[in-house]
Amino acid sequence: MERESYYFLLLLIGFTICIGVFWFQFNNDVTTFMIVNATEVEEGGSFKGSLMDSYGQGVANKTITYHKPGYQMGTLVDTTTDENGEFFIEDAQYLEDAGKDNYYGDFTYAGDGKYKGCIYERNITVIPN
Numbered sequence: 179m180e181r182e183s184y185y186f187l188l189l190l191i192g193f194t195i196c197i198g199v200f201w202f203q204f205n206n207d208v209t210t211f212m213i214v215n216a217t218e219v220e221e222g223g224s225f226k227g228s229l230m231d232s233y234g235q236g237v238a239n240k241t242i243t244y245h246k247p248g249y250q251m252g253t254l255v256d257t258t259t260d261e262n263g264e265f266f267i268e269d270a271q272y273l274e275d276a277g278k279d280n281y282y283g284d285f286t287y288a289g290d291g292k293y294k295g296c297i298y299e300r301n302i303t304v305i306p307n
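In terms of this note's numbering, the sequence shown opens at residue 179 and continues consecutively.
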């Protein structure tokens, strides 16, 4: 073989290795983050959020756990993202006796084999009507 053929072969092998590394990173332990479209919501109102990966794509069919307004420590509930990675909270509740616990917060995704977990650390305050 000629010298140019060896260089071409080495470049082809290097390119194949780079593609393999990218493919592995794209499909294993991908970082995730959450965004929510509100900081306050009126009683009976709704808001939505999205679970996204580091490539800006929605993460579909994953369970999100969050704090719902309640007494004392509140109540943790689950919701599931749709095919676009979005989740919806409808009919926001306001409880007069709950005091400072009248918020939706502690949104958490635990992660799985392909995606790393994440936490949305801010709260969505419920405003009474």
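Glycine is no exception: its CB is placed at the ideal position from the N, C-alpha and C atoms.
- Message: Let me confirm a value: Ile-213 is counted as buried when at least 16 other C-beta atoms fall within 10 Å, else exposed. Which label applies?
- Response: exposed
By the 10 Å Cβ neighbour count, where 16 or more other Cβ atoms means buried, how is Asn-215 classified, buried or exposed? exposed
*Simplified DSSP assignment, three categories, for Leu-273*: coil
Practice problem: Could you check what DSSP says for Ser-228 in three-state terms: helix, strand or coil? | Solution: Assigned with DSSP and collapsed to three states, Ser-228 falls in strand.
key: the stretch 274 to 283 in contact with the stretch 191 to 202 per 3-pair CB rule at 8 Å   = no
Separation of Ile-195 from Tyr-272, as counted between CA atoms: 55 Å
Quiz prompt | Whole runs of the alpha helix (DSSP H) within the stretch 183 to 245, excluding any shorter than 4 residues | solution = none
task = Verify whether the separation of the beta carbon atoms of Asp-231 and Thr-217 is less than 8 Å.
result = The answer is no: Cβ separation not under 8 Å.
- prompt: Using DSSP with H/G/I as helix, E/B as strand and the rest coil, what is Lys-278?
  reply: Lys-278 falls in the helix class under three-state DSSP.
Tyr-282 versus Asn-301 - alpha carbon distance: Spanning the two alpha carbons is a distance of roughly 6 Å.
Relative to the C-alpha of Gly-289, which residue among Tyr-233, Leu-229 and Val-255 is closest? Leu-229
Taking the beta carbon of Phe-186 as the centre, do at least 16 other beta carbons fall within 10 Å, making it buried, or is it exposed?
exposed
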